[in-house]
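In UniProt numbering, the protein residues as written are 1 to 70.
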């Protein structure tokens, strides 16, 4: 594999594991977590990501975080 691809995969897995372990540290075992990480180069282009899941508006929620390293 390409060196850049391997580095990107390593960063993505690190972020995923960190976010999941933070949630598990809250001792809220009754919840399930979905963590989605997108890494891209900033060149003025857009990024659209689509995903689908079953959702219950009465008890499901979400959180988002956007980080730019300029």
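C-beta atoms are modelled at their ideal positions from N, C-alpha and C, and glycine is treated no differently.
The C-beta distance from residue 34 to residue 53 rounds to 7 Å, short enough to meet the 8 Å contact threshold. In the structure shown, the three-state DSSP call for residue 48 is coil. Excluding the 5 residues flanking it on each side, residue 8 has same chain C-beta neighbours closer than 6 Å at 39, in chain order. Annotated three-state conformation of residue 14 is helix, per DSSP.
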